[in-house]
Every structure is written in structure tokens, then in C-alpha cells.
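K.L.:
Residue numbers (the numbering used here): 37 to 193.
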């Protein structure tokens with residue numbers, strides 16, 4: 037079983053959405069027994085909170101249900117998960133500073149999974165934006181998560 041953890045700053049916008057998108061892709065491909073998917077944040081400020089209401093609304097409009105309570109990353113996560121995916125370079129920098137040296141190989145930026153020609157180098161944080169920013173995040177995550185699924189499903193490691 038491949039265990040994947042999505043990470044953003046507060047775990048109320050991007051990472052819970054990535055978790056929902058990836059779970060749906062896994063389910064649609066009858067691969068529920070092959071993957072364990074979760075998400076967390078780098079800070080505990082939103083610990084125990086539901087996702088941002090705007091993300092919940094955008095998710096619902098796109099056929100997703102967000103059922104997640106925010107949590108902060110722990111040292112156990114670096115041991116437990118096989119792949120830890122940060123949403124932007126700031127997330128990656130922080131993940132690398134928190135990770136034990138021997139586990140840093142697990143950390144990837146989500147843009148590694150963007151299709152060629154994607155005009156972004158990260159998943160932008162929509163928190164201070166408008167609803168269009170939330171919809172844009174979902175579109176980016178759908179493309180990236182599909183590629184993550186294909187890569188990991190075909191990866192023997």
C-alpha cells in the first residue's frame with residue numbers, strides 16, 4: 037500500500053482538497069486497497085477546524101465532499117508516509133527543515149506532477165483570493181493528482 041500525505045500551510049484549503057481529489061481518483065480506479073491518502077498542515081493554528089468554507093463550496097460545485105479536520109504535521113508522518121507532497125516551495129523548505137535527514141527523499145513538490153505546459157510552479161494559496169482562485173486550485177489538483185496516481189500505480193517501489 038502506498039501512503040501519500042499532502043501538505044500545505046494550515047490544512048484548510050489546498051491539502052484537504054488534494055486529499056479529496058486523490059481519494060476520488062483512487063476510488064474511481066478501484067484502487068482503494070492500494071493507497072492510503074491524508075493531509076496535514078505545517079502550522080497548528082487551524083488544528084481541529086473544518087476546511088475553509090469557500091473551499092468546501094468550490095469542492096461541492098466540482099463533485100467533491102470535504103470531510104477533514106485540520107491537523108499539523110508530526111515527526112511520525114515522516115516515518116509513516118511513503119510520499120509527502122508540498123503545495124509550494126515554501127512548504128517544501130519547511131518540510132525539509134522538519135524532516136529527519138534520512139527521510140527527505142520522500143518530500144516532493146506537487147508541481148513535479150503538473151502536466152507539461154502548466155503555467156504554474158506550485159498550487160497557489162487561494163486563502164486571500166476570490167472564488168475563482170479556489171476553482172483554479174481544484175483544476176490544478178485534479179491534473180496533478182491524476183499524474184500522481186498514474187506514477188505511483190505504475191511504481192513498483
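Think of the CB as a built atom: it goes at the ideal place given N, C-alpha and C, for glycine as much as any other residue. For clarity, every value in this text was computed on a predicted model and none was experimentally measured.
1) Which full runs of the alpha helix (DSSP H) of 4+ residues lie inside the segment 60-115, going along the chain?
2) Distance, Cα to Cα, residue 193 vs residue 127?
3) Within 10 Å of its beta-carbon, does residue 186 have 16 or more other beta-carbons around it, so buried, or fewer, so exposed?
4) Taking three-plus beta-carbon pairs below 8 Å as touching, is the segment 55-73 in contact with the segment 130-147?
5) Distance, Cα to Cα, residue 190 vs residue 183?
6) Can you check whether the CB of residue 159 is closer than 8 Å to the CB of residue 177?
7) Leaving out five residues before and five after residue 82 in sequence, what residues of the same chain have Cβ atoms less than 8 Å from its Cβ?
8) Find out if the Cβ-Cβ distance for the pair residue 121, residue 40 is shorter than 8 Å.
9) Rounded to the nearest angstrom, what separates residue 42 and residue 123 at their Cα positions?
10) With a cut-off of 8 Å on the beta carbons, I'd call residue 91 and residue 102 a contact; round off their distance for me.
P.N.:
Concretely, from the data shown:
1) 89-97
2) The count along the chain shown starts at 1 and reaches residue 193 at position 157. The count along the chain shown starts at 1 and reaches residue 127 at position 91. Since pLDDT at residue 193 reaches only 47, below the 50 mark, its modelled position is unreliable, and the value read off the structure follows with that caveat. Approximately 25 Å, taken between the alpha carbons.
3) Numbered from 1 along the chain shown, position 150 holds the residue referred to as residue 186. That one is exposed.
4) no
5) Here residue 190 corresponds to residue number 154 of the chain shown, with the count starting at 1. Here residue 183 corresponds to residue number 147 of the chain shown, with the count starting at 1. Approximately 11 Å between the Cα atoms of the pair.
6) As a first step, residue 177 must be located in the chain shown, where it is residue number 141. As a first step, residue 159 must be located in the chain shown, where it is residue number 123. Yes, they are a contact pair.
7) As a first step, residue 82 is located in the chain shown; it is residue number 46 there, counting from the start. 46, 47, 48, 106.
8) Locating residue 121 in the chain shown gives position 85, counting from the first residue. Locating residue 40 in the chain shown gives position 4, counting from the first residue. A contact, by the Cβ cut-off of 8 Å.
9) To locate residue 42, count along the chain shown from 1; it is residue 6. To locate residue 123, count along the chain shown from 1; it is residue 87. In a straight line, the C-alpha of residue 42 is about 8 Å away from that of residue 123.
10) By 1-based counting over the chain shown, the position of residue 91 is 55. By 1-based counting over the chain shown, the position of residue 102 is 66. About 7 Å separates the two Cβ atoms, so the contact holds.
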